[in-house]
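Asker: Quick one: the structure is below, questions incoming.
Numbering (this note's numbering), first residue to last: 316 to 645.
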């Protein structure tokens, strides 16, 4: 037993088919990143891209715009009629206050007629007060839909007040002989009755004018509310083209190029500066020559300046450095 060799385990060889050989390559990923990207295959289906932004599509010129733009004239009409209606509302509230005070001082009126004639001016005062508040603001202070709704309400209330004032004027004309006053002097009734009569007629006429204006303004604001926000003529910050702010250097360059004949006359030098050599000036002694213009646009401007000076004013050649005069013209 002692003469036999002990059992030794032998590992499987790596070149066996069951264990394929692998080599470690740390730069495989780097080399893969250097590979050119494969080209996209040309589209074979319908040429429609759902991933493209809608603003990138071509705008068809012959397409009809469903919204008719409102110009500056319409904006002026809207603002002007709002101011006119503001003045009319002020007159209406004064007429309503006067009618209410006179009807309070008058007695012997039929109960139902008296309540109708006294309540109507009171409600008109409240409606005109809110109208003055609304019209005192800018036309763009509220949304177009809200303004349209208000003008529809104002037109409806004006229609109601017209009928109530017409009833009051008819009652005054028919039953004013039996009326009296709370004051001791009854002779003033000959002034009170015509005042109430003509005041109700005038207030009704003002409400009729307000009715027409409210209908038109309500229609315009409704039309604006249906339009895109950038087509609102009352919003100048949305519809106006922004002013291009240019720097002072670009403005100077543009003015110099436009008025080339003035270049020879705009050079102003202090006394003795034209005769002073360029080599002795501080800008060339301190090494600030690097601050001279280096762009092609500014070099062209220098050539233009030189040519204009040579053409119009030979005495101003001293204002140009000698090395600029020696630059070739392109």
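Just so you know, even glycine gets a beta-carbon here, dropped at the ideal spot from N, CA and C.
#1: When burial is assigned at 16 or more other CB atoms within 10 Å of the CB, is residue 349 buried or exposed?
#2: Excluding the 5 residues flanking residue 413 on each side, which residues of the same chain have their C-beta closer than 7 Å to its C-beta?
#3: With a CB to CB cut of under 7 Å and the five nearest residues on each side skipped, what residues in its chain are close to residue 450?
#4: Taking the beta carbon of residue 359 as the centre, do at least 16 other beta carbons fall within 10 Å, making it buried, or is it exposed?
#5: Could you give the residue range of the alpha helix (DSSP H) that holds residue 532?
#6: Let's test the definition: count the other Cβ atoms within 10 Å of the Cβ of residue 521 and tell me whether it reaches 16, buried, or not, exposed.
#7: Runs of 4 residues minimum, wholly inside the segment 411-472: which ones carry the alpha helix (DSSP H) assignment?
#8: Just to check my reading of the structure: residue 389 and residue 548 have Cβ atoms closer than 8 Å, yes? What is that Cβ distance to the nearest angstrom?
#9: Could you spell out where the alpha helix (DSSP H) holding residue 349 opens and where it closes?
#10: Can you give me the C-alpha to C-alpha distance between residue 416 and residue 383, rounded to a whole angstrom?
#11: Nearest-angstrom Cα distance between residue 489 and residue 435?
#12: Would you decide whether residue 534 is buried or exposed? Buried here means 16 or more other CB atoms lie within 10 Å of its CB.
#13: DSSP has residue 481 in a bridge; who is on the other side?
#14: Mapping the DSSP letters down to three states, classify residue 359 as helix, strand or coil.
#15: Under three-state DSSP, which class holds residue 493?
#16: Classify residue 402 as helix, strand or coil using the three-state DSSP reduction.
#17: Would you identify the three-state DSSP class for residue 544, choosing helix, strand or coil?
#18: Got a sec? Which residues, its chain only, sit under 7 Å from residue 442 by beta carbon, not counting five neighbours each side?
#19: Which value, in whole angstroms, describes the spacing of the CA atoms of residue 476 and residue 381?
#20: Please confirm whether residue 525 and residue 469 have their CB atoms less than 8 Å apart.
#21: Quick one: what's got a C-beta closer than 7 Å to residue 474's C-beta in the same chain, skipping five residues either side?
#22: Consult DSSP for residue 487 and reduce its assignment to one of helix, strand or coil.
#23: I'd like to know whether the C-beta atoms of residue 439 and residue 411 end up nearer to each other than 8 Å.
#24: Return the chain-ordered list of same chain residues with a C-beta closer than 6 Å to the C-beta of residue 594, the five sequence neighbours on each side being excluded.
#25: For residue 543, I'd like the list of residues in its chain whose CB is within less than 8 Å of its CB, leaving aside the five on either flank, ordered along the chain.
#26: Label residue 506 either buried or exposed according to how many other C-beta atoms from any shown protein chain fall within 10 Å of its C-beta, with 16 as the threshold for buried.
#27: When you compare only the Cα positions, how much space is there between residue 394 and residue 452?
Answerer: Quick look at the numbers:
#1: exposed
#2: 514
#3: 397, 400, 401 and 404
#4: exposed
#5: 504-540
#6: It is buried - the Cβ of residue 521 has at least 16 other Cβ atoms within 10 Å.
#7: The segment 411-472 contains these whole alpha helix (DSSP H) runs: 426-451.
#8: Going by Cβ atoms, the distance from residue 389 to residue 548 rounds to 6 Å, so yes, they are a contact pair.
#9: 343-349
#10: So the alpha carbons of these two residues sit roughly 49 Å apart.
#11: 19 Å
#12: exposed
#13: Under DSSP, residue 481 forms no beta bridge with any residue.
#14: coil
#15: Correct three-state label for residue 493: helix.
#16: helix
#17: helix
#18: 472
#19: 38 Å
#20: Yes; because the gap between Cβ atoms is below 8 Å, this pair is in contact.
#21: 526
#22: Here residue 487 sits in helix by DSSP.
#23: In contact: residue 439 and residue 411 (Cβ atoms closer than 8 Å).
#24: The predicted model places residue 594 with a pLDDT of 46, which falls under 50 and marks its position as unreliable; any figure quoted below should be read in that light. Nothing listed; no residue qualifies.
#25: 382
#26: Exposed: under 16 other Cβ atoms inside 10 Å.
#27: Spanning the two alpha carbons is a distance of roughly 11 Å.
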